[in-house]
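Q: Numbering-wise (my numbering), the sequence shown opens with residue 486 and increments by one. Just so you know, even glycine gets a beta-carbon here, dropped at the ideal spot from N, CA and C. It should be emphasised that the depicted structure is a prediction, and the values quoted were computed from it without experimental measurement. This is the structure I have questions about; it appears just below.
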Amino acid sequence: MTKKAERTTAYIIETVAPIFNKYGYVGTSMSDLTEATGLTKGAIYGNFENKEALALSAFEYNRNHLLNTIDEKLDVPGKALEKIFSLIRFYRQYDVFTLPFGGCPILNVGVDAQNNNRLLASAVKETVKDIEGKIALVLENGMKAGEVKLPVPPLQFAKQLFTMLQGAIAMATMTRDRKYLVNTVAYLEQLINREIRN
Numbered sequence: 486m487t488k489k490a491e492r493t494t495a496y497i498i499e500t501v502a503p504i505f506n507k508y509g510y511v512g513t514s515m516s517d518l519t520e521a522t523g524l525t526k527g528a529i530y531g532n533f534e535n536k537e538a539l540a541l542s543a544f545e546y547n548r549n550h551l552l553n554t555i556d557e558k559l560d561v562p563g564k565a566l567e568k569i570f571s572l573i574r575f576y577r578q579y580d581v582f583t584l585p586f587g588g589c590p591i592l593n594v595g596v597d598a599q600n601n602n603r604l605l606a607s608a609v610k611e612t613v614k615d616i617e618g619k620i621a622l623v624l625e626n627g628m629k630a631g632e633v634k635l636p637v638p639p640l641q642f643a644k645q646l647f648t649m650l651q652g653a654i655a656m657a658t659m660t661r662d663r664k665y666l667v668n669t670v671a672y673l674e675q676l677i678n679r680e681i682r683n
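Below, the structure written as structure tokens:
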């Protein structure tokens, strides 16, 4: 692939990623994509096999941005709980963080793709597992270092933590009330301090 072709492909993905995320796979039309990119249908499909391939690339673009940010938040210096609190504080502003993407890619694509796009639904499921695994690893290391005590295995705790965060994101999105997110994060901070701090 030439440098120009690579730039065109990257431009298309960056431009259409928020559109697919906001309107979904079925809800995004070819005219939405040509209008946003300023390219013809032929020019877009010259870079992607079909709409599904483009939608998957768009999700991967948003997912990678999210995963890189989660890695940054979990990679702060300090003990396990400082890393977990860094992640939770990020989620307090998650709605602001995801504005340029058209909302939460996990929630939006995950719900939208369940019944109409097996590949996208599978990609979301893998992303959820990735995030839960990253949280579990921090907790496991914290247990080994004697920094945290967990009532359940690290992965189970990570799944519950992420479930609460995603639930708060869903409620904040549906009601357009960010208090769901802010209050859940505040509750999680108290819960973690009370339940697992050693």
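1. Ordered along the chain, which non-local residues of its own chain (more than five positions away) have a Cβ less than 7 Å from that of residue 621?
2. Rounded to whole angstroms, what's the CA-CA distance from residue 490 to residue 596? Just pull it up for me.
3. If we count the other Cβ atoms within 10 Å of its Cβ and call it buried at 16 or more, is residue 511 buried or exposed?
4. In terms of DSSP beta bridges, what is residue 682 paired with?
5. Helix, strand or coil for residue 571, going by three-state DSSP, please let me know.
6. Would you decide whether residue 632 is buried or exposed? Buried here means 16 or more other CB atoms lie within 10 Å of its CB.
7. Helix, strand or coil for residue 652 per DSSP?
8. For residue 682, which residues of its own chain have a beta-carbon under 7 Å away from its beta-carbon, when the five flanking residues on both sides are left out?
9. Would you kindly work out how many angstroms separate the C-alpha atoms of residue 628 and residue 618, rounded to a whole number?
10. Can you tell me where the alpha helix (DSSP H) holding residue 506 begins and where it ends?
11. By how many angstroms is the C-alpha of residue 543 removed from the C-alpha of residue 603?
12. Tell me the residue span of the alpha helix (DSSP H) that contains residue 459.
13. From residue 598 to residue 610, what does the alpha carbon distance come to, in whole angstroms?
14. Whole angstroms are fine: how far does the CA of residue 514 sit from the CA of residue 671?
15. Return yes when the Cβ of residue 608 is within less than 8 Å of the Cβ of residue 541, no when it is not.
16. Does the contact criterion of 3 or more C-beta pairs under 8 Å hold for the stretch 518 to 525 versus the stretch 487 to 502?
17. On the premise that residue 572 lies in contact with residue 559, defined as a C-beta separation below 8 Å, what is that separation, rounded to the nearest angstrom?
18. Ignore the nearest five residues each way along the sequence and tell me which others in residue 537's own chain have a CB closer than 7 Å to its CB.
19. Is the beta carbon of residue 554 sitting closer than 8 Å to the one on residue 586?
A: On the basis of the supplied data:
1. For the purposes of this step, residue 621 is identified with residue 136 of the sequence shown, where counting begins at 1. Excluding residues within five positions, the ones whose Cβ falls inside 7 Å are 639, 640 and 643.
2. Indexing the sequence shown from 1 puts residue 490 at position 5. Indexing the sequence shown from 1 puts residue 596 at position 111. When rounded, the distance between both Cα atoms is 32 Å.
3. Residue numbering aside, residue 511 sits at position 26 when the sequence shown is read from its first letter. When all chains shown are included, residue 511 counts as exposed.
4. Stepping through the sequence shown from its first residue, residue 682 is reached at position 197. Answer by DSSP bridge pairing, in chain order: 633.
5. Indexing the sequence shown from 1 puts residue 571 at position 86. Looking at residue 571 - three-state DSSP - the assignment turns out to be helix.
6. Reading the sequence shown from its first residue, position 147 is the one you call residue 632. With 16 or more other Cβ atoms within 10 Å, it is buried.
7. Locating residue 652 in the sequence shown gives position 167, where the first residue counts as 1. It is helical.
8. Position 197 of the sequence shown, counted from the first residue, corresponds to residue 682. Counting only Cβ-Cβ distances below 7 Å, and skipping sequence neighbours, we find 566 and 633.
9. As a working mapping, residue 628 is identified with position 143 in the sequence shown. As a working mapping, residue 618 is identified with position 133 in the sequence shown. Those two C-alpha atoms are separated by around 15 Å.
10. Taking the first residue of the sequence shown as position 1, residue 506 is located at position 21. Here the alpha helix (DSSP H) through residue 506 covers 488 to 512.
11. Taking the sequence shown and counting its residues from 1, one reaches residue 603 at position 118. Taking the sequence shown and counting its residues from 1, one reaches residue 543 at position 58. C-alpha separation (whole angstroms): 15 Å.
12. No answer is possible for residue 459: it lies beyond the span of the chain, which begins at 486 and ends at 683.
13. If you number the sequence shown from 1, residue 598 lands on position 113. If you number the sequence shown from 1, residue 610 lands on position 125. So the alpha carbons of these two residues sit roughly 11 Å apart.
14. Here residue 671 corresponds to residue number 186 of the sequence shown, with the count starting at 1. Here residue 514 corresponds to residue number 29 of the sequence shown, with the count starting at 1. C-alpha separation (whole angstroms): 40 Å.
15. Translated into positions along the sequence shown, residue 541 becomes position 56. Translated into positions along the sequence shown, residue 608 becomes position 123. Result yes, Cβ atoms of residue 541 and residue 608 sit closer than 8 Å.
16. yes
17. As a position in the sequence shown, residue 559 is number 74, starting the count at 1. As a position in the sequence shown, residue 572 is number 87, starting the count at 1. Indeed, because the Cβ distance is near 6 Å, the residues count as touching under 8 Å.
18. The count along the sequence shown starts at 1 and reaches residue 537 at position 52. Counting only Cβ-Cβ distances below 7 Å, and skipping sequence neighbours, we find 602 and 604.
19. Within the sequence shown, the letter at position 69 stands for residue 554. Within the sequence shown, the letter at position 101 stands for residue 586. Taking 8 Å as the Cβ cut-off, residue 554 and residue 586 do not qualify as a contacting pair.
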